[in-house]
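Numbering of the sequence shown is given in this note's numbering, commencing with residue 6 and proceeding in unit increments.
For glycine and all other residues, C-beta sits at the position ideal for the given N, C-alpha and C.
Working notes, beginning with the structure itself.
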Amino acid sequence: MTEVRVLTGTALDAALEDVARLRITVFRDWPYLYDGSLEYERDYLQTYRDSPGAILVGAFDGARLVGASTGTPMEDHADDLGAALADCGVPLASIFYCAESVLLPAWRGQGLGHAFFDAREAHARALGRSHVAFCSVKRPDDHPMRPAEYRSNDAFWAKRGYAPLPGAMASFSWRDLGEREETRKPLQFWMRAL
Numbered sequence: 006m007t008e009v010r011v012l013t014g015t016a017l018d019a020a021l022e023d024v025a026r027l028r029i030t031v032f033r034d035w036p037y038l039y040d041g042s043l044e045y046e047r048d049y050l051q052t053y054r055d056s057p058g059a060i061l062v063g064a065f066d067g068a069r070l071v072g073a074s075t076g077t078p079m080e081d082h083a084d085d086l087g088a089a090l091a092d093c094g095v096p097l098a099s100i101f102y103c104a105e106s107v108l109l110p111a112w113r114g115q116g117l118g119h120a121f122f123d124a125r126e127a128h129a130r131a132l133g134r135s136h137v138a139f140c141s142v143k144r145p146d147d148h149p150m151r152p153a154e155y156r157s158n159d160a161f162w163a164k165r166g167y168a169p170l171p172g173a174m175a176s177f178s179w180r181d182l183g184e185r186e187e188t189r190k191p192l193q194f195w196m197r198a199l
C-alpha cells in the first residue's frame, strides 16, 4: 500500500537525497530527456532546504520513496522564473509554485498525481496564496526521441482547473541524453486560482 506523506522542515531535508535520485531517474524519460547528476541535484534542491514555505509530498512504498512532488512560494524562484509571470496580472507573492512531480512508472495511474496536487494546493492555501502555478517543458511534436505512445498530462491538468498562461514562457537549461552541453528548453506556465 502506497502512503502519501507531507514533509516540511527537517523531514523534508532528510528526504531530498532520495528526491534527487528520483528526479534523475524519472526525468531521463520523455519529454525531459534529462542527463542529470547528483551534484547538480543537490545544488538545485537547496531551495527547498532554504525556504520556510517549502513542501515535499512523498509517496512511500514502505520506507522507499517512489514518488515526490515539491513546491515553494513563487518568490523563491523569482530569479529563474519570475519574469515569465510579470504580465499575468497576479503578484508573485500571491502565487505558489509547484515544481516537480516525479513518480516511478509502477506507481502511476493510482491517483497519486491528484494526491500530490491536493497536498500542494492545501499548503498554498495555508500560506495565504491565491494562485498555484507550474510549468511544463515544450518539445516539438516531431522530436526524434518522442515515443509514439506518449500522452501529455495536459488533460489531467485541465481537469484540475489549470490552464496555460498565454505568453508566459520561461526557459531553463539542462543537458539532454546524448548531448555534451546544456541547451535551453522552453517551459509553458500553467496556473489556476484557488
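Can you list, in chain order, the residues of its chain with a C-beta nearer than 8 Å to that of D85? Leave out the 5 residues immediately preceding and following it. Cβ within range, chain order: A175, F177.
Are there 16 or more other CB atoms within 10 angstroms of the CB of T77, so buried, or fewer, so exposed? It is buried - the Cβ of T77 has at least 16 other Cβ atoms within 10 Å.
Distance, T13 Cα to R69 Cα: Rounded to the nearest angstrom, the two C-alpha atoms are 18 Å apart.
Where R185 and Y39 are concerned, what is the direct C-alpha to C-alpha distance, given to the nearest angstrom? CA-to-CA, the gap between R185 and Y39 works out to about 12 Å.
Cβ-based neighbour list, A98, same chain, cut-off 7 Å, excluding 5 preceding and 5 following: For A98, where only same-chain residues beyond five positions count, the Cβ hits under 7 Å are E80.
Rounded straight-line distance, which links the Cα of H119 to that of R165: Rounded to the nearest angstrom, the two C-alpha atoms are 8 Å apart.
Are W35 and P110 touching if we call contact CB-CB under 7 Å? No.
On the three-state DSSP scale, how would you describe T15? In the three-state reduction of the DSSP assignment, T15 falls in the helix class, which pools H, G and I.
Kindly list the residues whose CB is nearer than 8 Å to the CB of L17, restricted to its own chain and excluding five residues on each side of it in sequence; keep chain order. Answer for L17: Y53, R54, A59, I60, L61, listed in chain order.
Look up D181 in the DSSP assignment and give the residues it is bridged to. Answer is Y39.
Which of helix, strand or coil DSSP assigns to A59: Here A59 carries a coil assignment [DSSP, helix/strand/coil].
F65 vs E8 beta-carbon contact at 7 Å: At a Cβ-Cβ threshold of 7 Å, F65 and E8 count as neighbours.
Roughly how many angstroms separate the alpha carbons of L182 and P145, rounded to a whole number? The C-alpha of P145 is placed about 16 Å away from the C-alpha of L182.
Would E169 pass as a contact of W195 if the rule is Cβ separation under 7 Å? Position check: residue 169 holds Pro in this sequence, whereas Glu was assumed. In contact: P169 and W195 (Cβ atoms closer than 7 Å).
Are the beta-carbon atoms of F121 and S56 separated by less than 7 Å? Annotated as distal: F121 and S56, with beta-carbon spacing of 7 Å or more.
Since G76 is in the beta strand (DSSP E), which residue starts that stretch and which ends it? Annotation for G76: the continuous beta strand (DSSP E) segment containing it runs 69-78.
Rounded to whole angstroms, how far is the Cβ of F161 from the Cβ of V137, which I believe are closer than 8 Å? 15 Å between Cβ atoms; not a contact.
Pop quiz: R33 and E46 are said to be a contact at Cβ under 8 Å. What is the actual Cβ separation, rounded to whole angstroms? With 8 Å as the limit, R33 and E46 do not qualify as a contact, their Cβ atoms being about 13 Å apart.
Using C-beta distances below 8 Å, list every residue in its chain close to V95, excluding the 5 sequence neighbours before and after it, in chain order. For V95, same chain residues with a beta-carbon under 8 Å away, outside a window of 5 residues either side, are S135, H136, M196 in chain order.
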